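Numbering (my numbering), first residue to last: -12 to 218. Data block below; observations after.
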Amino acid sequence: MGLTYSYDIHLRPENVARALKEATKPAPPERRVPPLTVTLPGGEQVVLPFTCGFRSEPVDCAGRDRVSLETSLVFPADEAVRAYAEEGGLPVEDGRVQIGYVYLDMSFPALGDPRYVCLDFWAATSRMSRLFEDSAAIGKVFTDLAEASGAVGCLFDKGDGGPERVLWGAAQFPNAQAGGPLRSFSALMNSSKAEPETVSTAWPGAFESRTDTRAGEAATSTQSLPSPGPE
């Protein structure tokens, strides 16, 4: 099985719509897909230039523990991104590269802490996973997204069941340093001095407990993806 590295952004429920709107900023403006309307568990609607199951029918998140979208994002062409583009025959346009589909899992609630929602942006291939790890520019896109969204943290996850690396938000957690030690999100939140609102306050009755099944679903419908080049 291939690598499934991801950037995990943890938010309070009231900030999820803002995060999704921020996630549209690195999307290519010329992408030719119908708009996708997503209704969040609290009833708020967000219109996105993404797909769900590679289709554009409206999505209602109420009563669901996870909703998976397909995003198409462009990233600044730092050295790692340029090397990825050259290997895969991808164009560099205005100093940016569209690297292919990036999957987005929205987990209600976040695995490990029922007070939060997790937006999990994960790579479609092993080669893209290695790019996620190597590119400082890609990391900055996701940490900037987390900050602009009012997130409580952005972590890098290798999807192997091990602890994640804290990339942003460590100032809230006295036992962690940004970009430093590997810590799990639940451990970070247990070390936090602040007590956040509970999920049920923002979206009453919206969530049930869940288990993480991403590892068994990596790169679903890969025949629909643009060729990412060799892994």
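Virtual Cβ for every residue (Gly too), placed ideally from N, Cα, C. As the structure is a prediction and not an experimental result, all values here were calculated from the model.
Burial state of residue i (16 or more Cβ within 10 Å)
i	result
A49	exposed
R19	exposed
A138	buried
E279	No information on residue 279 is available, as it lies outside the stretch -12 to 218 that the chain covers here.
E66	exposed
P15	exposed
A123	exposed
Y(-8)	buried
D237	This structure cannot speak to residue 237, because the chain is shown only from -12 to 218.
P168	For P168, the pLDDT reaches just 42, beneath the cut-off of 50, and the residue's location in the model is therefore unreliable, although a value from the coordinates is still provided. Answer is exposed; the Cβ neighbour count stays below 16.
G76	exposed
G156	buried
Whole-angstrom C-beta distance between residue j and residue i, which should lie under 8 Å
i	j	result
G126	L154	6 Å
P22	V34	5 Å
Cβ-Cβ distance between residue i and residue j below 8 Å
i	j	result
R53	D100	no
P28	F129	no
Inter-residue spacing [alpha-carbon to alpha-carbon] between residue i and residue j
i	j	result
V79	R69	8 Å
F119	F108	10 Å
T24	S116	28 Å
S59	G148	26 Å
V104	P0	6 Å
T223	Y88	Here the chain has residues from -12 to 218 only, and residue 223 is not among them.
P63	V3	24 Å
E17	S113	27 Å
E31	V84	32 Å
A110	S136	21 Å
D131	V61	14 Å
P36	S55	14 Å
R5	E134	11 Å
L(-10)	G146	8 Å
Y71	Y90	18 Å
T26	D81	34 Å
>> Contact between the segment 36 to 46 and the segment -9 to -2 is defined here as three or more beta-carbon pairs at a separation below 8 Å; is this criterion met?
In response: Result no; under three Cβ-Cβ pairs closer than 8 Å.
> How do the segment 140 to 152 and the segment 9 to 18 stand: do at least 3 beta-carbon pairs fall below 8 Å, yes or no?
Replying inline: For the pair of segments examined, the segment 140 to 152 was found not to touch the segment 9 to 18: the number of CB pairs separated by less than 8 Å stays below three.
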